[in-house]
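Asks: Sequential numbering from 3 applies to the sequence shown in the working numbering. Just so it is clear, CB atoms sit at the ideal spot from N, CA and C, and this is done for glycine as well. The structure's right below; bear with me while I get my questions together.
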Amino acid sequence: MNVQLWSNDIIMNFGMVLFFFAFSLIMAVFAITLISFFKKKQQQTFEPRVSVIIPAHNEAATIAECVSSVLSSNYDLKKLELIVVDDGSTDSTSEIAAEAAKKHKNVELIKSQHKGKSEALNLGVKKAKHDYIVTLDADTVIAADFIKEIVKPFY
């Protein structure tokens with residue numbers, strides 16, 4: 003039994019060569035895709051400078067825990083600015099935030115007259131020094147990796 007690899011027909015030969023190259027290219031792309039799928043990707047850290055703004059009005063019961071959760075997060079505190087905007091509180095919210103500002107150089111307290119949450123947020127954004135801004139309610143306690151996860155999509 004004789005097997006003939008080449009035909010006497012030139013179009014048939016061209017078709018076989020073209021098929022061989024196309025098949026080889028498809029298999030190479032498939033192999034590269036398969037390898038890259040199983041290869042572990044090197045994780046790069048993305049930690050931009052972030053300003054966290056907390057507007058607060060009569061939040062004495064919760065502001066300390068909120069500030070504490072931000073400061074105890076696993077985000078680099080050198081890249082973190084925490085701004086508490088006291089929106090004319092009549093309780094001890096301002097004093098609690100001022101105490102945190104005394105203990106931590108990256109915490110700032112801004113006092114304003116009561117104009118509402120949106121005005122307090124706007125004031126905090128105006129005072130923010132960093133390009134990335136996260137806003138939290140004063141009764142929020144964040145997870146340790148919250149800030150890292152929230153800025154990830156911007157990488």
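Quick check on the burial criterion: 16 or more other C-beta atoms within 10 angstroms. Buried or exposed for residue 17?
Replies: Taking the first residue of the sequence shown as 1, we reach residue 17 at position 15. Counting Cβ neighbours within 10 Å, residue 17 comes out exposed, since fewer than 16 surround it.
Asks: Going by DSSP in three states, residue 91 sits in which element: helix, strand or coil?
Replies: The residue you call residue 91 lines up with position 89 of the sequence shown. Annotated three-state conformation of residue 91 is coil, per DSSP.
Asks: Short of 6 Å in beta carbon distance, which residues of its chain neighbour residue 94, apart from the five on each side in sequence? Order them along the chain.
Replies: Taking the sequence shown and counting its residues from 1, the one referred to as residue 94 is at position 92. For residue 94, where only same-chain residues beyond five positions count, the Cβ hits under 6 Å are 62.
Asks: Would you call residue 28 buried or exposed, if buried means 16 or more other Cβ atoms sit within 10 Å of its Cβ?
Replies: By 1-based counting over the sequence shown, the position of residue 28 is 26. Answer is exposed; the Cβ neighbour count stays below 16.
Asks: Taking the alpha carbon of residue 150 as the point to measure from, which residue in 127, 14, 121, 81 has its own alpha carbon closest?
Replies: For this step, residue 150 is matched to residue 148 along the sequence shown. When each option's Cα is compared against that of residue 150, the closest is 81.
Asks: Measuring CB to CB, does residue 111 end up less than 7 Å from residue 99?
Replies: As a first step, residue 111 must be located in the sequence shown, where it is residue number 109. As a first step, residue 99 must be located in the sequence shown, where it is residue number 97. Yes. Within cutoff.
Asks: Could you check the C-alpha separation between residue 116 and residue 35 for me, to the nearest Å?
Replies: Position 114 of the sequence shown, counted from the first residue, corresponds to residue 116. Position 33 of the sequence shown, counted from the first residue, corresponds to residue 35. If I take the Cα positions, the gap works out to 58 Å.
Asks: What residue range does the alpha helix (DSSP H) around residue 35 cover?
Replies: Numbered from 1 along the sequence shown, position 33 holds the residue referred to as residue 35. Residues 12-40.
Asks: According to DSSP, simplified to helix, strand and coil, what is residue 57?
Replies: As a position in the sequence shown, residue 57 is number 55, starting the count at 1. The answer is strand: DSSP assigns residue 57 an E or B state.
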